[in-house]
Amino acid sequence: MAQGKLKVKAKLPPNAKQHSVHRGVNRISKAPKKPKKLTATQLLQKEVTKSINRTIEGNCRQKAEKEGKSLVTKTVTDDKTTK
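Under UniProt numbering, think of the first position of the sequence shown as 1, with each following residue one higher.
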């Protein structure tokens, strides 16, 4: 059972201006955004991490060769020597 009156949408006065919707105006906001450039500290941290990983991998390879085990992956050459 209904309790009270139905809600009715409010009507605008007849002289009120209607707003139009322009959908094609904001194309720039939908364009893909460029990633932020890495700062010097981030580049340094990346290089340090790479060098640490290389040394750890080298140590693991040496231990494996001493024990007579072979590793499936190939050794990665240093990026600076290939360029």
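Don't be surprised by glycine CBs; every beta carbon is placed ideally from N, CA and C.
Report the residue from the options whose alpha carbon sits nearest the alpha carbon of residue i.
i, options, result
"Gly58", "Leu71, Glu47, Lys46 and Val48", "Leu71"
"Ala40", "Lys66, Ala10 and Val48", "Val48"
I'd like the list of long-range same chain contacts for residue i, defined as Cβ closer than 8 Å, with 5 residues on each side in sequence excluded.
i, result
"Leu38", "Lys46"
"Ala64", "Ser70 and Leu71"
Can you list, in chain order, the residues of its chain with a C-beta nearer than 7 Å to that of residue i? Leave out the 5 residues immediately preceding and following it.
i, result
"Lys83", "Caution applies to Lys83, whose pLDDT of 45 falls short of 50 and renders its modelled position unreliable; the model cannot decide the point."
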